[in-house]
Amino acid sequence: MKENASQQKAILHKDGPMLVLAGPGSGKTTVITQRTKKLVTDYGIDPSKILVITFTKAAALEMKARFQKLMGDVVANVTFGTFHAVYFTILKYAYHYRASNIITEEERYNVMKRIISNYNSLEYDDINEFIKDIYSEIGEIKNSRLDVNHYYSKICGEEIFREIFSTYQNILQTNKKIDFDDMLSITFELLDQRKDILAAWQSKYQYILVDEFQDINQIQYDILKMLALPENNLFIVGDDDQSIYRFRGSKPEIMLNFPKEFNNSKRVLLDTNYRCQKAIVDASLNLISYNKERFQKKIFAHNAETTKVNYAIYENQADESKNIINIINDYIKKGKSYDDIAILFRTNTQPRMLMGKLMEYNIPFRTKDNVPNLYNHWIARDIFTYIRLAHGSRERADFFQIMNRPKRYISRDSVLSKVIDFGRWKAFYNDKEWIAERIDKLEYDLKMLQMMKPYAAINYIRNGIGYDEFIKEYAQYRKINEDDLFETLEELHQASKEFETYNEWNEYIEEYTKQIKEVSNKKNQVENAITLATLHSSKGLEFDIVFIIDVNEGVMPFKKAVLPQEIEEERRMFYVGMTRAKYDLYLSSVKCFSKNNNDISRFIKETKKKYISKEK
């Protein structure tokens, strides 16, 4: 296909800085590869002096393959690589680093596990999540070039966090290791302090092209600006409306400020969307126009079809899942492939019920994210422990799990033998009759649970035993949002409704866990399958048919988004999700989300209803 006028303008650009605003499906890869070819074949630039930077290895390989195809038999050794690969190359020449100097994920995990084991005051229920959060904050400090002494941790006390940070860095240095964030910070320090080394790399790469520029963080940008001097032949391609990684340090402000930092820069808008139907383009533009911090754009759909965006309101997630499966089955009957379909959501816990239904109907799916197994959550472990004890377990470990959930003031020292005898246990508290009475009540509660079906049993644990009160106290003590915990508890409670006996439920849980593990292990290797992805993970993908589920306030936008810049990021995420669809886009809200009545998301109203076909 011949390039359009705006693409041609970008491709023909030779010297100086240029900002290319490339909306969804606007042909940015074509522009980058064709412009690179133009530099070599028409403008006589030495290909070894051209650097093309992407954010993923897969994107770099795809870009390189497309460029080589354009060049035919001509050998042109243009450098294609990720930020980390390019910057690590600089470190290899300066410090003789090798791949073995990069700490592996497994090593990082074990290092942090050892460090946090020294702090008895730290509290967490999932060590994997805690370590992930710690590293996220360490990355934020390094990528934003912050002083750790002026950083206030969100997950633990600042003094402890600073000690953890310092210990981690000392371990890295002692073992001559660096992590991915260090690649950036060490490269910046090297080029900032060694002007001779900087000059050598400036001479090496005289033309720099950057893909997905909206995903850049501050330190990547600072290094890039140094490398581009003095000519500033910096050609950046991206879409500020698709900047959705603020948690990694990427901010749309970096792209928005580019014309101010390079006041002689040219700008071109790739204004044709070749991917989406007109209704999707128009509805998504209406939505994103509510953001204030953005470049104003007029984008046109190449595909003039006027099929409306589909919108439905369902009673609850179970009703939503069932109806989506019916729609999917209709598509398959009409000859569509599962590969053509994606279901998108805001958080990775949302699709758990849907995944269960997909398994029930034997519909194959792959996941772009690790979806946590509900039945592995510590709340589920507590509930199952109560049920296990009700059905005869007298293991000490089981009693340790729940004996103070809710608080009964029972000491671990009172549990002397591996197998518990209630009579001896109560006798331990002869001098504290009020605790003995609580043990007596626990014994009574377990007898009651034994006679109940799963749904009734969980109801009794929550209200009769007082587990809901424990959750409130736990959330208050840990300074976390109790709604998140109640969502998990409610999801477990609702899941139990379908089963008459514990044996039925246990069989289902075993099969579900087995299949989740298989899906997780295979990831993208499943052939002809529906794709399930968070809005974050859907970026860069496209499908004929896209469903976005649970479009409710508190979910989209997410409940933790409060500040205007956070709401704008949520809107950008929804925009990214909408523009993954080529032909058919289905949006759905639920009246009752996790037992709460949630309003329809403001984003539905912002798309302008004339583009929406309401189904239900």
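Residue numbers for the sequence shown follow numbering that gives the first Met the number 0, beginning at 0 and rising by one. Cβ coordinates follow ideal geometry from the N, Cα and C atoms, glycine included.
Whole-number beta carbon distance between residue j and residue i, since they are thought to touch under 8 Å
| i | j | result |
| --- | --- | --- |
| residue 33 | residue 10 | 5 Å |
| residue 629 | residue 491 | Residue 629 is absent from the structure shown; the chain starts at 0 and stops at 615. |
| residue 534 | residue 343 | 6 Å |
| residue 323 | residue 546 | 6 Å |
| residue 393 | residue 418 | 5 Å |
| residue 528 | residue 337 | 5 Å |
| residue 367 | residue 536 | 4 Å |
| residue 361 | residue 515 | The pair is not a contact, with the Cβ atoms about 15 Å apart (cut-off 8 Å). |
| residue 93 | residue 196 | 6 Å |
Cβ neighbours of residue i in the same chain (closer than 8 Å, five flanking residues each side left out)
| i | result |
| --- | --- |
| residue 145 | 139 |
| residue 112 | 126, 130 |
| residue 221 | 144, 187 |
| residue 568 | 242, 243, 245, 560 |
| residue 44 | 38, 205, 206 |
Classification of residue i by the beta-carbon crowding that lies within 10 angstroms, buried from 16 upward
| i | result |
| --- | --- |
| residue 29 | buried |
| residue 219 | buried |
| residue 4 | exposed |
| residue 578 | buried |
| residue 433 | exposed |
| residue 365 | buried |
| residue 399 | exposed |
| residue 425 | buried |
| residue 291 | exposed |
| residue 390 | exposed |
| residue 549 | buried |
| residue 14 | exposed |
| residue 345 | buried |
| residue 500 | exposed |
| residue 304 | exposed |
| residue 450 | exposed |
| residue 141 | buried |
| residue 12 | buried |
| residue 316 | buried |
| residue 374 | buried |
Beta-carbon gap between residue i and residue j smaller than 8 Å
| i | j | result |
| --- | --- | --- |
| residue 255 | residue 574 | no |
| residue 152 | residue 136 | yes |
| residue 616 | residue 21 | In the structure as shown, the chain starts at 0 and stops at 615, and residue 616 therefore has no counterpart that could be examined. |
| residue 382 | residue 457 | yes |
| residue 498 | residue 556 | no |
| residue 277 | residue 302 | yes |
| residue 185 | residue 90 | yes |
| residue 530 | residue 376 | no |
| residue 448 | residue 409 | no |
| residue 35 | residue 66 | yes |
Sequence-distant residues of its chain with Cβ nearer than 6 Å to residue i (five each side left out)
| i | result |
| --- | --- |
| residue 214 | 54, 244, 249 |
| residue 429 | none |
| residue 466 | 460 |
| residue 27 | 21, 236 |
| residue 504 | 453, 498 |
| residue 178 | 102 |
| residue 588 | 312, 550, 551, 599 |
7 Å CB neighbourhood of residue i in its chain, flanking five on each side removed
| i | result |
| --- | --- |
| residue 46 | 39, 75, 76, 77 |
| residue 201 | 226, 228 |
| residue 175 | 100 |
| residue 427 | 413 |
| residue 509 | none |
| residue 481 | 470, 471, 474 |
The ligand SAH heavy atom lying under 7 Å from the CB of residue i
| i | result |
| --- | --- |
| residue 356 | In the structure on display, the ligand SAH does not appear, and there are no ligands present to speak of. |
Of all the alpha helix (DSSP H) runs that stay within the bounds of the region 116-154, which reach a length of 4 or more residues? 126-142
What residue ranges within the region 353-419 form continuous beta strand (DSSP E) runs of no fewer than 3 residues, ordered along the chain? 364-366
Jot down the residue ranges of each uninterrupted beta strand (DSSP E) in the region 525-574, minimum 3 residues, whole runs only, in chain order. 529-533, 542-547
Enumerate, from N- to C-terminal direction, the unbroken beta strand (DSSP E) stretches of 3 or more residues contained entirely within the region 22-62. 49-53
Just to confirm the assignment: which complete alpha helix (DSSP H) runs, minimum length 4, are found wholly within the region 437-471? 453-458
Restricting to runs no shorter than 4 residues, where is the alpha helix (DSSP H) found entirely within the region 263-296? 277-287
Mind pulling the beta strand (DSSP E) runs of 3 or more residues that sit fully within the region 149-222? 206-209
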